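Quick note on this note's numbering: the sequence shown kicks off at 317 and runs consecutively.
Backbone N, C-alpha and C fix where the C-beta goes; we use that ideal spot for every residue, glycine too.
Only a predicted model underlies this, so the values are computations on that prediction, with no experimental measurement involved.
The structure appears right after this line, and notes come after that.
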Amino acid sequence: MAALAIRNEQSQIVTISAKLIFYGTQATNELAKKIATEIRDMYHEPKAFVNLNGTVYEVHMRIEYEVFSFEEVIPLAFKNTNFRYNFIRLEAQNHVTRSFMGFGLGDNVGHWITSDNLGDSTTAAHEFGHALGLDHPERYDFRGLGNPGIMAPRGTIVDAHLQWNPAVAAGEYGGTLKPFHRRVQAYEIEAIFNNLDFDSNGYAEIGHLSNVLFTENGDPLNIIF
Numbered sequence: 317m318a319a320l321a322i323r324n325e326q327s328q329i330v331t332i333s334a335k336l337i338f339y340g341t342q343a344t345n346e347l348a349k350k351i352a353t354e355i356r357d358m359y360h361e362p363k364a365f366v367n368l369n370g371t372v373y374e375v376h377m378r379i380e381y382e383v384f385s386f387e388e389v390i391p392l393a394f395k396n397t398n399f400r401y402n403f404i405r406l407e408a409q410n411h412v413t414r415s416f417m418g419f420g421l422g423d424n425v426g427h428w429i430t431s432d433n434l435g436d437s438t439t440a441a442h443e444f445g446h447a448l449g450l451d452h453p454e455r456y457d458f459r460g461l462g463n464p465g466i467m468a469p470r471g472t473i474v475d476a477h478l479q480w481n482p483a484v485a486a487g488e489y490g491g492t493l494k495p496f497h498r499r500v501q502a503y504e505i506e507a508i509f510n511n512l513d514f515d516s517n518g519y520a521e522i523g524h525l526s527n528v529l530f531t532e533n534g535d536p537l538n539i540i541f
């Protein structure tokens, strides 16, 4: 998901601002609100600060959303140059059977599926992290470290109480991370700001814009205008 980082030198607050534009057969205002709320709340939870050129800024998140029909979203995506705009198709399922972002870290498009329990499972916040340029961590074993970060993938080894089934041995079926237990960590938010270049007005662009839309099954859609 692309976004804008907006730095206010007077308040010493830097805001990550993004708008989620939802479309697809499962795109409803109720689900869109749940997704946006999960992302906003989870990224505020660590109360993170970041050092920008020697000044410490408090990090805020501004997550807006809107639901469009497929016919409405086509011209929006085609003309888009706004780094805040992210186009997310919501469907019951897709050909890879999981929610995903588009083309490389930081892309502003995705295809998310409702079977991932969007808005209640941390999946939306995890995919949002990919869109902000965050990758899965190199570490895969978090035993003894408490809740892993939001970017920990499925299959991560964790303490028993964070597993799908706390009664089985680590690494066995059910013995890996239940995604619900992921938490956004301050170090993950700090990583979003690595190599960001703020202009003279205090704006920095995060990610990139492919503006590609998807079919219901999750294939890239080729539209000829």
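| Asked | Found |
| --- | --- |
| Beta-carbon proximity check, ALA599 vs ILE379, cutoff 8 Å | The displayed coordinates of the chain run from 317 to 541. Any statement about residue 599 would go beyond what the structure contains. |
| For SER333, the residue or residues it bridges with in DSSP | LEU320, ARG378 |
| Whole beta strand (DSSP E) elements within the segment 404-476, 3-residue minimum | 425-429 |
| Among LYS350, PRO362, GLY445, the one whose alpha carbon lies nearest that of ASN463 | PRO362 |
| Cβ-Cβ separation, ASN369 to PHE403 (assumed contact under 8 Å), whole Å | No, PHE403 and ASN369 are not in contact; Cβ-Cβ is about 33 Å, not under 8 Å. |
| Supposed contact pair ASN324 and GLY518 - C-beta distance, whole angstroms, cut 8 Å | 7 Å |
| Reference GLY471, options TYR456, LEU448, VAL484, closest by Cα | TYR456 |
| Assigned secondary structure, PRO536 (DSSP; H/G/I helix, E/B strand, else coil) | strand |
| For VAL383 and ALA393, the rounded distance between their alpha carbons | 13 Å |
| Start-to-end residues for the alpha helix (DSSP H) that takes in PHE386 | 386-395 |
| Residues near TYR373 by beta carbon distance below 7 Å, same chain, minus five either side | ARG323, GLN328, ILE329, VAL330, PHE365, VAL366 |
| Contact set for LEU320: own chain, Cβ-Cβ below 8 Å, skip 5 residues either direction | ILE332, SER333, ALA334, PHE399, ARG400, TYR519, ALA520, GLU521, ILE522 |
| 6 Å CB neighbourhood of LEU406 in its chain, flanking five on each side removed | PHE338, GLY340, GLN342, ALA343, TRP428 |
| PHE386 to GLU488 span [Cα, whole Å] | 42 Å |
| Same chain, Cβ closer than 6 Å to GLY491, five either side skipped, listed in chain order | GLN479, VAL484, ALA485 |
| Segment limits, beta strand (DSSP E) that includes ASN367 | 365-368 |
| Residues bridged to GLN479 (per DSSP) | LEU493 |
| Residue range of the beta strand (DSSP E) that includes GLU488 | Looking at the DSSP string, GLU488 is not in any beta strand (DSSP E), and its letter there is neither H nor E. |
| Check whether GLY534 and VAL389 have beta carbons under 8 Å apart | no |
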